[in-house]
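In this note's numbering, each residue carries its 1-based index in the sequence shown increased by 3.
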Amino acid sequence: MISIIIPLYNKEKQIKNTLKSVLEQTFQDFEIIVVDDGSTDNGANEVLKTKDQRIRLVQQKNAGVSAARNRGIQEARFSLLAFLDADDIWKTTYLATQYGLYKKYPQCNVYVCNYEFRNASGTVTPTIIRKLPFQGTDGALTNYFEVAACSHPPICSISIMVKKEAIQAIGGFPIGIKSGEDLLTWARLAANYQIAYSKEVCAIFNVEGYDFSEKPKRLPAEPDVVGKALKELADNHTIPNLNQYISHWHKMRSSIYLRLNMRKKSIEEALIALRHNPTNYKLYIYIFLNFIPSRLRPF
Numbered sequence: 004m005i006s007i008i009i010p011l012y013n014k015e016k017q018i019k020n021t022l023k024s025v026l027e028q029t030f031q032d033f034e035i036i037v038v039d040d041g042s043t044d045n046g047a048n049e050v051l052k053t054k055d056q057r058i059r060l061v062q063q064k065n066a067g068v069s070a071a072r073n074r075g076i077q078e079a080r081f082s083l084l085a086f087l088d089a090d091d092i093w094k095t096t097y098l099a100t101q102y103g104l105y106k107k108y109p110q111c112n113v114y115v116c117n118y119e120f121r122n123a124s125g126t127v128t129p130t131i132i133r134k135l136p137f138q139g140t141d142g143a144l145t146n147y148f149e150v151a152a153c154s155h156p157p158i159c160s161i162s163i164m165v166k167k168e169a170i171q172a173i174g175g176f177p178i179g180i181k182s183g184e185d186l187l188t189w190a191r192l193a194a195n196y197q198i199a200y201s202k203e204v205c206a207i208f209n210v211e212g213y214d215f216s217e218k219p220k221r222l223p224a225e226p227d228v229v230g231k232a233l234k235e236l237a238d239n240h241t242i243p244n245l246n247q248y249i250s251h252w253h254k255m256r257s258s259i260y261l262r263l264n265m266r267k268k269s270i271e272e273a274l275i276a277l278r279h280n281p282t283n284y285k286l287y288i289y290i291f292l293n294f295i296p297s298r299l300r301p302f
């Protein structure tokens with residue numbers, strides 16, 4: 004009934020627990036497709052040690068996470084696809100919750116549940132999801148871009164189930180993007196399909212310990228393929244709050260450049276963000292902070 008796609012790259016120590024969390028689901032009608040994207044460790048062998056006839060291991064040369072997910076989509080036998088990363092886990096009710104959304108909201112093609120963050124020491128941090136358009140436990144997420152512009156991402160790569168035909172229609176996951184490829188995929192889905200959302204926390208996103216006071220570990224991608232693609236989406240669709248979300252994307256990039264003391268790039272990104280949403284007051288703060296010595300900034 005559900006094809007579960009797990010891209011695997013050098014997660015030898017984590018993949019066993021990830022698979023365990025799937026096999027312990029209360030909903031058991033599924034297949035698992037693990038796409039080994041050219042790992043150089045023993046992750047593939049760990050998959051083979053897990054004896055369950057529903058698990059298929061597909062191996063390919065390293066091509067990136069999007070290519071691995073797309074290969075999984077191609078290999079999937081069922082019409083419903085769920086994605087899980089090789090170092091994250093699901094709570095036992097995850098698939099049951101997603102399948103419940105599928106049955107309850109037949110007008111939707113995308114099904115999402117809430118998730119939480121857990122660091123290496125086991126500390127759990129909830130997501131902050133604002134402006135949901137319904138009051139109950141679940142409902143139609145009719146304002147995805149408004150929610151995404153003021154919250155943690157309402158869709159995560161471990162909290163989404165989608166109809167195969169829908170994700171194929173948008174071209175799958177974009178190739179050649181090192182960061183933000185998932186956010187662009189969700190935006191394309193949201194622009195074309197209805198989304199059902201559950202507030203139930205059913206997925207756990209494992210994150211390494213990170214202190215905001217530390218400098219970012221990598222630069223924003225250049226050229227900004229995601230930003231360009233989001234603008235093209237706005238040019239081709241009339242979608243409420245999409246420009247607000249584009250502004251949010253460039254605000255995030257401006258923040259990273261600011262913390263790296265790349266003042267010119269930070270201001271450039273802030274100005275782009277302001278063109279899409281002049282009321283985003285934080286952007287004026289970012290521009291101001293770029294003109295004061297870094298030692299005087301709060302971060």
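Glycine residues also receive a C-beta, built at the ideal position from the N, C-alpha and C atoms. All figures in this text were calculated on a predicted structure; none of them were measured in a lab.
Best match in N264, I288, R133, S269 for proximity to S257 [C-alpha to C-alpha]
S269
What residue ranges within the stretch 195 to 253 form continuous alpha helix (DSSP H) runs of no fewer than 4 residues, ordered along the chain?
228 to 239
Cα-Cα separation between G75 and V127, rounded to whole angstroms
30 Å
Going by DSSP, what residue range makes up the beta strand (DSSP E) through Q62?
58 to 63
Within 8 Å, strictly: CB atoms of L144 and I178
The answer is no: Cβ separation not under 8 Å.
Indicate whether the contact test is met: 3 or more Cβ pairs, each with one atom in the stretch 182 to 195 and one in the stretch 153 to 172, closer than 8 Å.
Yes, the stretch 182 to 195 is in contact with the stretch 153 to 172.
Where do the N-terminal and C-terminal ends of the beta strand (DSSP E) with I170 fall, by residue?
First-last for I170: 167 to 172, but that is the alpha helix (DSSP H), not the beta strand (DSSP E).
With a threshold of 7 Å on Cβ separation, who are the neighbours of N280 within its own chain once the five nearest residues in sequence on each side are excluded?
N246, Q247, S250
By alpha-carbon positions, which one of S162, S42, S6 ends up nearest to R57?
S6
Report the residue from L26, V37, Q110 whose alpha carbon sits nearest the alpha carbon of Q77.
V37
What residue does the beta strand (DSSP E) around T284 start on, and which one ends it?
Correcting the residue type first, residue 284 is Tyr in the shown sequence and not Thr. Annotation: Y284 is outside any beta strand (DSSP E); the continuous alpha helix (DSSP H) that includes it extends over 284 to 292.
Bridge partner(s) assigned by DSSP for F120:
T128, F208
Look at Y147 and A193 and say whether their C-beta atoms are less than 8 Å apart.
yes
Selection from V150, T130, P129 that minimises the alpha carbon distance to F137
V150
In the DSSP assignment, find the alpha helix (DSSP H) that holds G46 and state where it starts and stops.
Run containing G46: 46 to 52, per the alpha helix (DSSP H) assignment.
Can you tell which of S201, K94, R266 has its C-alpha closest to the C-alpha of K106?
S201
Could you give the distance in angstroms between the alpha-carbon of Q101 and the alpha-carbon of D39?
25 Å
Measuring only the C-alpha atoms, how far is I207 from Y289?
32 Å
I'd like the list of long-range same chain contacts for D214, defined as Cβ closer than 6 Å, with 5 residues on each side in sequence excluded.
Since pLDDT at D214 reaches only 46, below the 50 mark, its modelled position is unreliable, and no value is offered.
What distance in whole Å lies between the Cβ atoms of Y114 and Q28, which are believed to be in contact at a cut-off of 8 Å?
Incorrect: roughly 15 Å between the Cβ atoms, too far for contact.
Opening and closing residue of the alpha helix (DSSP H) in which R148 lies
Per the sequence shown, the amino acid found at residue 148 is Phe instead of Arg. That run of the alpha helix (DSSP H) goes 147 to 151.
For T53 and L22, which I take to be in contact (beta-carbon distance under 8 Å), what is that distance rounded to the nearest angstrom?
5 Å
Strand pairing of G142, partner residues [DSSP]:
BP columns for G142 point to Y200.
Below 8 Å between beta carbons: does that hold for I35 and F86?
no
Please state the DSSP three-state secondary structure of E184.
In the structure shown, E184 sits in a helix (DSSP, three-state: H, G or I).
If you draw a straight line from the C-alpha of V165 to the C-alpha of L84, how long is it?
If you take the alpha carbons of V165 and L84, they lie about 5 Å apart.
Run through DSSP, which three-state label would E34 get?
strand
Nearest-angstrom Cβ-Cβ length linking A47 and Q62, presumed shorter than 8 Å:
Contact between A47 and Q62 holds, since their C-beta atoms are separated by about 6 Å, short of 8 Å.
If you follow the alpha helix (DSSP H) that S269 is part of, which residue opens it and which one closes it?
266 to 279
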